[in-house]
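Read the structure below first, then the notes.
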Amino acid sequence: ILHHEGPDKGLERTRFTFPRQSRDRRLCLSDFFRSKESGEIDTVAFHVVTMGQSVSDATAKLFAANEYREYLELHGLSVQLTEALAEHWHARIREELGFAGEDASDIDAILDQGYRGSRYSFGYPACPDLEQQLQLCALLEPERIGVELSEEFQLHPEQSTSAIIVHHPEAKYFNAN
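Under full-length UniProt numbering, think of the first position of the sequence shown as 1, with each following residue one higher.
See the structure below:
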């Protein structure tokens with residue numbers, strides 16, 4: 001997937017590469033985008049979200065104080081809130097692209113990807129190469145919201161996540177391995 005400065009500039013800013021399944025449908029994330037040869041411009045969205053450093057500090061303090069139950073509860077809540085924030089921004093992106101009307105009406109269906117497209121994060125089966133977080137971070141500059149990338153390509157604070165958001169109607173989670 002190539003990312004350009006804008007539809008009029010045509011300058012390649014970065015390139016993401018993804019593995020193809022060796023079996024089943026032989027899917028690859030790039031299958032859900034128009035080819036360069038088509039001459040048509042496609043749209044992709046990226047995001048980084050975080051609950052911030054304060055919740056990471058609070059969980060670390062609970063853990064250090066051997067307050068394991070409170071630690072687990074706060075940690076679990078903060079991880080789920082991070083995921084909810086990512087889903088919120090994904091919904092906003094669908095709205096801006098004009099696809100929100102296709103979303104399922106009940107929460108169970110939403111949780112089962114009852115909407116157009118998918119949100120893929122580096123390190124997961126469809127895009128396992130965590131090192132590509134470098135490119136994503138170069139595009140989005142997550143340090144503006146207090147998120148940094150470690151030498152192991154992990155986002156810090158821990159309650160942070162990033163994604164490439166694919167809007168193709170057939171884009172659903174799959175395992176590229």
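Every residue gets a Cβ at the ideal spot worked out from N, C-alpha and C, and that includes glycine.
Whole-Å CB distance - D103 paired with Y115, under 8 Å assumed:
4 Å
Between the CA atoms of F122 and Y173 - distance to the nearest angstrom
13 Å
Who are the Cβ neighbours of P125 in its own chain at under 8 Å, not counting the five residues just before and after it?
Y173, F174, N175, A176, N177
Decide if T43 is buried, meaning its Cβ has at least 16 other Cβ atoms within 10 Å, or exposed.
exposed
Which class does V147 belong to by DSSP, given the choice of helix, strand or coil?
coil
Going by the CB atoms, is the gap between I93 and I165 shorter than 8 Å?
yes
Does the separation of the CB atoms of V55 and Q135 fall below 8 Å?
no
Checking 8 Å against the spacing of the C-beta atoms, do S162 and V79 come in under that value?
no
Where does C137 fall in DSSP's three states?
helix
Please state whether DSSP places Y124 in a helix, a strand or coil.
strand
T43: first and last residue of the uninterrupted beta strand (DSSP E) it sits in
Counted as a single uninterrupted DSSP element, the stretch harbouring T43 is not any beta strand (DSSP E), since DSSP gives it neither H nor E.
Work out the CA separation of A171 and S118 for me, nearest whole Å.
6 Å
Every unbroken beta strand (DSSP E) within the region 56–88, with a cutoff of 3 residues, ordered by chain
none
Give me the Cβ distance between R20 and R26, rounded to the nearest whole Å; I'm assuming they're in contact under 8 Å.
The beta carbons of R20 and R26 sit about 6 Å from each other, so the pair counts as a contact at 8 Å.
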